[in-house]
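Reviewing the structure listed below.
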Amino acid sequence: MQSAQISFENIRKDFPILERTIRENKTLVYLDNASTTQKPNQVIDAINDYYRNHNANIHRAVYALAEEATELYEKTRDKIATFINVSNREEIIFVRGTTEAINLVAYSWGRAHLKEGDIIVTTEYEHHSNIVPWQLLTQEKHAKLEYIGMDDDGELILDDLDKYLATGKVKLVTFSLMSNVLGTISDTEKIISKCKEAGVLTLIDGAQAVPHMKVDVEKLGCDFFAFSGHKMLGPTGIGALWVRKSVLNTMTPFHGGGDMIREVHKYETTWNDLPYKFEAGTPNIADVVGLGAAIDYLLKIGMDNIRQHEVELTSYAMEKLSEVKGLHIYGTKDISKRGGVISFNFADVHPHDVAQIIDEEGIAIRSGHHCAQVLMDRLNVAATSRASFYIYNTKEEIDKLINSLNKVARIFKL
Ligand SMILES: Cc1ncc(COP(=O)(O)O)c(C=O)c1O
Numbered sequence: 000m001q002s003a004q005i006s007f008e009n010i011r012k013d014f015p016i017l018e019r020t021i022r023e024n025k026t027l028v029y030l031d032n033a034s035t036t037q038k039p040n041q042v043i044d045a046i047n048d049y050y051r052n053h054n055a056n057i058h059r060a061v062y063a064l065a066e067e068a069t070e071l072y073e074k075t076r077d078k079i080a081t082f083i084n085v086s087n088r089e090e091i092i093f094v095r096g097t098t099e100a101i102n103l104v105a106y107s108w109g110r111a112h113l114k115e116g117d118i119i120v121t122t123e124y125e126h127h128s129n130i131v132p133w134q135l136l137t138q139e140k141h142a143k144l145e146y147i148g149m150d151d152d153g154e155l156i157l158d159d160l161d162k163y164l165a166t167g168k169v170k171l172v173t174f175s176l177m178s179n180v181l182g183t184i185s186d187t188e189k190i191i192s193k194c195k196e197a198g199v200l201t202l203i204d205g206a207q208a209v210p211h212m213k214v215d216v217e218k219l220g221c222d223f224f225a226f227s228g229h230k231m232l233g234p235t236g237i238g239a240l241w242v243r244k245s246v247l248n249t250m251t252p253f254h255g256g257g258d259m260i261r262e263v264h265k266y267e268t269t270w271n272d273l274p275y276k277f278e279a280g281t282p283n284i285a286d287v288v289g290l291g292a293a294i295d296y297l298l299k300i301g302m303d304n305i306r307q308h309e310v311e312l313t314s315y316a317m318e319k320l321s322e323v324k325g326l327h328i329y330g331t332k333d334i335s336k337r338g339g340v341i342s343f344n345f346a347d348v349h350p351h352d353v354a355q356i357i358d359e360e361g362i363a364i365r366s367g368h369h370c371a372q373v374l375m376d377r378l379n380v381a382a383t384s385r386a387s388f389y390i391y392n393t394k395e396e397i398d399k400l401i402n403s404l405n406k407v408a409r410i411f412k413l
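So in numbering that gives the first Met the number 0, the last one in the sequence shown is 413, and the numbering has no gaps at all.
What follows is the structure, encoded as structure tokens:
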């Protein structure tokens, strides 16, 4: 189905927050979707329905209500398997989000496998959640953390990867499928094929990609894949980690406690089956159900339609932004290589001032380092302004953004 057959204007009606006014009766223009997305009625209602009608603890009791809750929770695992295309549901672990997913891998895989002198490779455009867990791990293990550099178009320099792989010491290459600052879509196929040739595992941070394009994990061929529910219309505090079973079987538990055990004795414990070995304690059941509703919603629209809509919005925004006086856009101009995230700066105007001025018009964009200070250092800036789009955004909203940025240019006499 082509984008033209989907009414993106009707989609807005599913999002109650988009009807509200803000800052003295201004219509809310929400352009901070890389940070978190708004929630449709379908997700809000699913969570509400869960608490009103199905709430019980899962996997434990035999009574009917507990069975219903368990079924709802486990159904989302199946939906995720379909959504990201993995065939084995046992390989999907519920976590709080991408941050927890990567920390789980660093803890459970890293502490079991990394030795002194080994290398973990990440990239210069990672979110802090794909840097800090590896710093902690490599410092503890006297191993090394290395970075694939980025060129001035915001694309990764894969010669760097070749150089590190040639040492024979790399154990894991970890990178985001799409940058949360530049919107760059990584050349995943090339990176993974190089790593496979070298026998090196790969982790993909899918936080910015899964909400915006069709992702086929089996086709990607990585070993770990992480994403967050709240960036794809789902609730906060829930996400998923997929790990290839042959790797998952070599990992020790992340957290100890209820549900992750088979038998507990005074001095020893045996573990539950996968994936429960990695899901200790009472999980975030209601939000898992909400995430399931978000997946249903996205699949109904179609991920190719969503990507197409965002390509149209991003092309339009890039063109209009390039006409704003004194404004510099970071990253590639090639729309096929980027998603709907645009970072920009006005010379000598602090991004916080930009965000504050346009907030007066009810327009929400992000300013700051976007949890990517290594990238800020590479760009030689302390911060950027960032507009990021999703299915409910329109060209009219981009026009409002451009008008208010023109106002910024006038105020600062650019
Ligand atoms: C690329 C990327 N990775 C990881 C994260 C962390 O996600 P969460 O805060 O949901 O754990 C984010 C959040 O902005 C992100 O954009």
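Ideal placement from N, C-alpha and C gives every residue a C-beta, glycine not left out.
### Query
If you follow the beta strand (DSSP E) that Glu262 is part of, which residue opens it and which one closes it?
260 to 263
### Query
For Lys276, which residues from the same chain have a beta carbon less than 7 Å from its beta carbon, with the 5 sequence-adjacent residues on both sides left out?
Pro252, Met259, Trp270
### CB contact flag (Leu400, Ile362, <8 Å)
yes
### Task
Closer than 5 Å is what we want: which residues have a beta carbon that near any heavy atom of ligand 1? List them in chain order.
Gly96, Thr97, Thr98, His126, Ser128, Ser175, Asn179, Asp204, Ala206, Gln207, Ser227
### Own chain partners of Gly415 with C-beta closer than 6 Å, once the 5 adjacent residues on each side are dropped
Look at the range of the chain in this structure, 0 to 413, and you will see that residue 415 is not part of it.
### Task
Determine, using beta carbons only, whether Leu17 and Tyr315 come nearer to each other than 8 Å.
no
### Task
List the endpoints of the continuous beta strand (DSSP E) containing His349.
Looking at the DSSP string, His349 is not in any beta strand (DSSP E), and its letter there is neither H nor E.
### Task
Could you name each continuous beta strand (DSSP E) segment of 3 residues or more that falls completely within the region 256 to 307, going from the start of the chain to the end?
260 to 263, 268 to 270
#### Entry: Residues near Thr268 in its chain [Cβ-Cβ closer than 6 Å; skip 5 each side]
Ile260
### Query
Counting along the chain, where does the alpha helix (DSSP H) carrying Leu378 start and finish?
372 to 378
### Query
Going straight from the alpha carbon of Val318 to that of Val348, what length do you get?
The sequence as given places Glu at residue 318; Val does not occur at that position. Spanning the two alpha carbons is a distance of roughly 21 Å.
### Query
Around the C-beta of Tyr296, are 16 or more other C-beta atoms found within 10 angstroms, so that it is buried, or is it exposed?
buried
### Message
Between Val120 and ligand 3, is there a pair consisting of the residue's CB and a ligand heavy atom that are separated by less than 7 Å?
### Response
Ligands displayed in this structure: ligand 1; ligand 3 is not among them.
### Query
What's the gap between the Cα of Leu290 and the Cα of Ile284?
10 Å
#### Entry: As assigned by DSSP and simplified to three states, the class of Thr137
helix
### Task
On a CA-only basis, which of Val28, Asn344, Thr75, Phe93 is nearest Thr281? Give me that one, please.
Phe93
### Query
Going by DSSP, which residues form a beta bridge with Asp150?
DSSP, once it has assigned bridges, lists no residue as partnering Asp150.
### Query
From this set, Lys25, Ala33, Asp303, Ile83, which residue's C-alpha is nearest Leu181's C-alpha?
Ala33
### Cβ-based burial, Ser384 [other Cβ within 10 Å; buried from 16]
buried
### Message
If I follow the unbroken alpha helix (DSSP H) through Ala80, where does it start and stop?
### Response
63 to 82
### Query
Cβ atoms of Tyr124 and Ala371: under 8 Å apart, would you say?
yes
### Message
Spatial neighbours of Lys168 within its chain, please: C-beta separation below 7 Å, excluding the five flanking residues on both sides.
### Response
Gly116, Asp117, Ile118
#### Entry: Whether Asn87 touches Lys244 by CB criterion (8 Å)
yes
### Query
Given a threshold of 16 other Cβ atoms within 10 Å of its Cβ, counted over all protein chains shown, does Asp204 qualify as buried or as exposed?
buried
### Query
Under the three-state reduction of DSSP, which class applies to Leu113: helix, strand or coil?
coil
### Task
Would you mind working out which of Gln307, Ala55, Leu200 sits nearest Leu171, comparing C-alpha positions?
Leu200
### Query
Is the distance from the Cβ of Phe343 to the Cβ of His369 below 8 Å?
no
### Task
Identify the continuous beta strand (DSSP E) that holds Thr201 and give its terminal residues.
200 to 204
### Message
From the DSSP secondary-structure annotation, give me the bridge partner or partners of Asp13.
### Response
Asp13 pairs with nothing; no bridge assigned.
### Task
For the alpha helix (DSSP H) containing Ser245, list its first residue and its last residue.
244 to 247
### Message
Let me check one thing: in DSSP terms, what residues is Tyr29 bridge-paired to?
### Response
Ala363
### Task
Confirm, please, whether the CB-CB distance from Ala45 to Ala239 is below 8 Å.
no
### Message
Assuming Thr97 is part of the alpha helix (DSSP H), what are its boundary residues?
### Response
97 to 103
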